[in-house]
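To convert, take the position in the sequence shown, counting from 1, and add 10; that gives the working numbering. Quick reminder that beta carbons are idealized off the backbone N, C-alpha and C, glycines included. Since this is a predicted model, take the numbers as computed values, not measurements.
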Amino acid sequence: MSVDIHTCHRPPSGRLRLNASSRVDPSRTTMIRLRFIREINKRLNELKRDIRISIVDRDCFDIQPNALRRLSPARYKEFAFERSADKVQAFMAWLEEQERQGILHVSRRPGVHIGIEEAWTDVYIDSAYQRGLRNGRSRLRAAGYQLSLFDEVPGGIQAVMGRRFHADRIGVIYSRTYEDLKSVTQFMNAEIRRRISDGLTTGLARGLAEGKSPLTIARELYKNTADRVDKIGKVRARTIARTEVLNAHHEAQMAEYIQAEQELGEPVMLDVVLGPNPCPICVDLEAGGPYTTTQAMGQLPAHPNCVCAHAPVDAGKTRK
Ligand SMILES: [Zn+2]
């Protein structure tokens, strides 16, 4: 009896779809060949993936001098322990190590006496602070204050930022940003631990009882875990990034105004300049101005994502 393979098997997908002329296969080996070829593709694709990870991600040939050290997924059956508790334990230890290499990475560069630690987040705080100094200085000059440009200062803005006055402030924001990111990660980990733990015990038992395949159960466990990365890790880390960039900017600008008062020996009065679509808090702040630098300190950002700024009142108007 001759059986048309399309009546008893799902049609092969993608590029391996058979054309009409090969539909009749006296050797009846079509499925074997398809499976064989699929396995070849799978194995060669894995090889390709490993080559990509080696050359691109892990920079095995040292082509990319500043390449980040990439994370390393768990090895095959790496946490194949008897007890679920041991599996969870080992997985969490692995996860925390991945986080130390990635989201919480700190590099050490040689310093004069001891190594200097730099979190990867520092560079963004640095840029935001620098932006705040420049904005502050150009607003002061626009208001008629006689101050030199940062580029006229020996060593430029980098030298200015290196002064104790600024370096201390930047340092506080560096560590606060990093510590906040660390707290978010810890909270995310606690949630992941719970989901992995549930998934390996009740979840696995329920899944099998419901007739789900182990692959489906594994995929669900991954989805439940990734969900915590997206909804806790990403969401909260983004808030930290936005908040601390604005904080760094505002603090730098205020530091610049205070510095100017000291340098010029006269008070600098400040107005609140509203950002687009200002909220009632900021509208009230604006109406209540101008402020002395002491009054204005800590006013902004008034709330998360507040992009309002302080700008000096014209120099002439302050000197009544
Ligand atoms: Zn605002």
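A straight line joining the alpha-carbon of arginine 62 with that of phenylalanine 197 spans about 33 angstroms.
Taking 8 angstroms as the cut-off, the Cβ atoms of leucine 284 and valine 278 do not count as close. Straight across, the Cα-Cα distance linking tyrosine 155 with proline 322 is about 9 angstroms. Per the Cβ contact rule, the region 252-268 is in contact with the region 131-150 (3 or more Cβ pairs under 8 angstroms). Within the DSSP secondary-structure output, aspartate 281 pairs in a beta bridge with Ala321. By the Cβ-count criterion, alanine 270 is buried, with 16 or more other Cβ atoms from all chains shown falling within 10 Å of its own Cβ.
Counting only beta-carbon distances shorter than 7 angstroms to the non-hydrogen atoms of ligand 1, the qualifying residues in chain order are Leu284, Gly285, Pro288, Cys289, Ile291, Cys292, Leu310, Pro311, Ala312, His313, Cys316, Val317 and Cys318. The beta carbons of glutamate 109 and threonine 187 sit about 16 angstroms from each other, so the pair does not count as a contact at 8 angstroms. Linking isoleucine 65 to phenylalanine 71 through their CA atoms gives a straight-line distance of about 7 angstroms.
In the structure shown, serine 223 falls within a coil segment according to DSSP collapsed to helix, strand and coil. Beta-bridge pairing by DSSP links valine 116 to Ala129.
Straight through space, the alpha carbons of isoleucine 242 and glutamine 263 are spaced by roughly 32 angstroms. The three-state secondary structure of tyrosine 301, taken from DSSP, is strand. In terms of Cβ geometry, arginine 151 and leucine 157 form a close pair [threshold 8 angstroms]. In the DSSP assignment, glycine 166 falls within the alpha helix (DSSP H) that extends over 166-172. From the listed residues Leu214, Asn199, Ile206 and Asp208, the smallest Cα separation to valine 239 is found for Asn199.
In chain order, Cys289 and Ile291 place their CB closer than 7 angstroms to the CB of histidine 313, counting only its own chain and leaving out the 5 sequence neighbours on each side. Between the alpha carbons of glutamate 296 and asparagine 287 lies a distance of about 13 angstroms. Following the DSSP letters along the chain, one finds leucine 274 inside the alpha helix (DSSP H) bounded by residues 245-274. Here the alpha carbons of glutamate 266 and arginine 174 stand approximately 13 angstroms from one another.
Contact check for glycine 299 and valine 282: beta-carbon distance about 5 angstroms, within the 8 angstroms limit, so the pair qualifies. Per DSSP, glutamine 99 is one residue of the alpha helix (DSSP H) stretching across 94-111.
When DSSP states are grouped into helix, strand and coil, threonine 39 belongs to the coil group.
Annotation: alanine 219 to valine 98 spans about 22 angstroms, alpha carbon to alpha carbon.
The beta-carbon distance between isoleucine 250 and aspartate 190, rounded to whole angstroms, is 5 angstroms. This is short enough to meet the 8 angstroms contact definition. Minimum Cα-Cα distance from threonine 131 among the listed residues Val116, Thr212 and Glu230 corresponds to Val116.
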